[in-house]
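Colleague: Below are the C-alpha cells for one structure; questions will follow.
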Amino acid sequence: MLLVSLLLLTVQTRGGGTGRAGELVAIAVTPVQSLIVRVHRGALGFWANYVDWKSVRRENDVLRGENEQLRVQALQAGETREENARLRRLLVLRDRLPLATVAGEVIGREAGGWVRSLTVNRGRGDGIAQQTPVIVPDGLVGRVVQVHRGAAVVQLLNDPASTVGAVVQRTRTAGLVEGDAGGALRFKFMARDGASVAPGDLVVTSGLGTLFPKGLPVGRVVKIEDKGSALFHFAVLAPAVDFSRVEEVLLVTGQTTQDVAALFPSDG
1202 MLLVSLLLLT
1212 VQTRGGGTGR
1222 AGELVAIAVT
1232 PVQSLIVRVH
1242 RGALGFWANY
1252 VDWKSVRREN
1262 DVLRGENEQL
1272 RVQALQAGET
1282 REENARLRRL
1292 LVLRDRLPLA
1302 TVAGEVIGRE
1312 AGGWVRSLTV
1322 NRGRGDGIAQ
1332 QTPVIVPDGL
1342 VGRVVQVHRG
1352 AAVVQLLNDP
1362 ASTVGAVVQR
1372 TRTAGLVEGD
1382 AGGALRFKFM
1392 ARDGASVAPG
1402 DLVVTSGLGT
1412 LFPKGLPVGR
1422 VVKIEDKGSA
1432 LFHFAVLAPA
1442 VDFSRVEEVL
1452 LVTGQTTQDV
1462 AALFPSDG
C-alpha cells in the first residue's frame, strides 16, 4: 500500500497535479496518506509511551531504593534511641548504688524455649568471680556460675537450680524464691507466716548472708498455691525482669548492708 501511494504521488507530481487525472490521483492517494499518517503517529505514540514507562519504572526503582534506605535508617535510629535509653537507666542506677559494679553486655543466650542462662562479656580479667550478683534497673537477673578470662555465664532466677533468700516487701514474710521448670518463679514460705501475702505483693531479696544486697526486686505475686495444712505454701511470681530482653547488665562486685529497694521501681 505504501508503494502504491508513492507511485500515485509520483504520477501526480509529474503530471502537475492538474485536471481530472490529478483529482483522481488525489482521491486515490488521500486515504492511503491518512493511513500512513495514523500508523506513523501510532508508532510515535507507542514509542513515546514505552519511553515514558521505562522512565517511570526507573523512577519507581529509585524511589523504592530510597524508601528502603529510609526505613533502615529509621529502624537504626529507633534501635539507637532504645539502646541509649537503656544505657542511661543503667548508668543512673550504677551511680546511685552504694557498692561497686561492672557494666557488661549480653553476648549469648541459652538456646531453647525458656532462657535460663546468659553469657556476658565480662570475666576474670574484670574482677568477676563465681556467685557475683547480676542486676538491671528492673531488679535481680541472677548470679554468675561460670567465669572465663573475658566472659561469664549467668544463671537466671528462673533456672530450677536457682534459689534466693527473699521477703515480701509489704508484710516482711520471709522465704525462698526458686526457679520453675515453666519459666516462672515460686516463693516458698512458712504457712503460718504467710496468711496476709496477696497477689500484687512485691518480693525482694532479704539480704541475709553476703551474696545479694538487700531490697533487689525479684518478682511480684500472681497467685497463692494454698496447700491446706502443709507446712509450706507457695506463691507464683511474675519475674521483675524480662529475661528475654536483657541486653546490658551490672555485675555487683562490691557489698553493702544498706537496703537498696528505694533505687528500684516498686509500683505494680
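Numbering (our numbering), first residue to last: 1202 to 1469.
Backbone N, C-alpha and C define an ideal beta-carbon position, used for all residues, glycine too.
#1: Sorted by chain position, which residues of the same chain lie with C-beta nearer than 8 Å to residue 1467's C-beta, five sequence neighbours on each side aside?
#2: Taking only runs of the beta strand (DSSP E) that begin and end inside the segment 1403 to 1454, which ones reach a length of at least 3 residues, in chain order?
#3: Pull up the distance between the alpha-carbon of residue 1350 and that of residue 1325, whole angstroms please.
#4: Since residue 1361 and residue 1380 are thought to touch, with beta carbons under 8 Å apart, how far apart are those beta carbons, to the nearest angstrom?
#5: Enumerated in chain order, which unbroken segments of the beta strand (DSSP E) with a length of 3 residues or greater are wholly contained in the segment 1277 to 1318?
#6: Within the continuous beta strand (DSSP E) that includes residue 1387, where are the two ends?
#7: Secondary structure at residue 1344, three-state DSSP: helix, strand or coil?
#8: Taking C-beta to C-beta, are residue 1355 and residue 1438 nearer than 8 Å?
#9: Under the three-state reduction of DSSP, which class applies to residue 1208: helix, strand or coil?
#10: Taking 8 Å as the threshold (C-beta atoms), are residue 1450 and residue 1321 in contact?
#11: If I'm right that residue 1465 touches residue 1340 with Cβ under 8 Å, what's the distance once you round it to whole angstroms?
#12: Under the rule that 16 or more other beta-carbon atoms within 10 Å means buried, what is residue 1359, buried or exposed?
#13: Could you spell out where the beta strand (DSSP E) holding residue 1367 opens and where it closes?
#14: For a test of the three-state rule: what should DSSP assign to residue 1226, helix, strand or coil?
#15: In the DSSP assignment, find the beta strand (DSSP E) that holds residue 1380 and state where it starts and stops.
#16: Among residues of its own chain, excluding the 5 on either side of residue 1205, which ones have a beta-carbon nearer than 6 Å to its beta-carbon?
#17: Per DSSP, which residues does residue 1460 bridge with? Please list them.
#18: Within a Cβ cutoff of 7 Å, which residues of the same chain sit near residue 1311, ignoring the five residues on either side of it in sequence?
#19: Quick one: what's residue 1334 bridged to in DSSP?
#20: If you compare alpha carbons, which of 1374, 1300 and 1272 is closest to residue 1414?
#21: Report the three-state DSSP secondary structure of residue 1357 (helix, strand or coil).
#22: Taking 8 Å as the threshold (C-beta atoms), are residue 1303 and residue 1327 in contact?
#23: Assign residue 1398 to one of three DSSP states: helix, strand, or coil.
#24: According to DSSP, residue 1320 sits in a beta bridge with which residue or residues?
#25: Hey, residue 1401 and residue 1422: beta-carbon distance below 8 Å or not?
Modeller: Result, derived from the coordinates:
#1: 1370, 1403 and 1418
#2: 1403 to 1406, 1418 to 1426, 1433 to 1440 and 1449 to 1453
#3: Those two C-alpha atoms are separated by around 5 Å.
#4: 5 Å
#5: List check, beta strand (DSSP E) in window: 1302 to 1310.
#6: 1386 to 1391
#7: strand
#8: Taking a C-beta distance under 8 Å as the contact criterion, residue 1355 and residue 1438 do not qualify as a contact pair.
#9: Any reading at residue 1208 must be qualified, since the residue scores a pLDDT of 48, below 50, and its modelled position is unreliable; the value itself is stated next. Helix at residue 1208.
#10: yes
#11: 6 Å
#12: With a 10 Å radius around the Cβ and a threshold of 16 neighbouring Cβ atoms, residue 1359 comes out buried.
#13: 1364 to 1369
#14: Any reading at residue 1226 is ruled out, since the residue's pLDDT is 48, under 50, leaving its predicted position unreliable.
#15: 1375 to 1380
#16: With a pLDDT of only 47 at residue 1205, under the threshold of 50, the placement of this residue in the model should not be trusted; the figure read from the coordinates follows. For residue 1205, where only same-chain residues beyond five positions count, there are no Cβ hits under 6 Å.
#17: 1415
#18: 1317 and 1318
#19: 1344
#20: The residue with the shortest Cα to Cα distance from residue 1414 is 1300.
#21: strand
#22: yes
#23: coil
#24: Note: residue 1320 sits in a beta bridge opposite 1309 and 1354.
#25: yes
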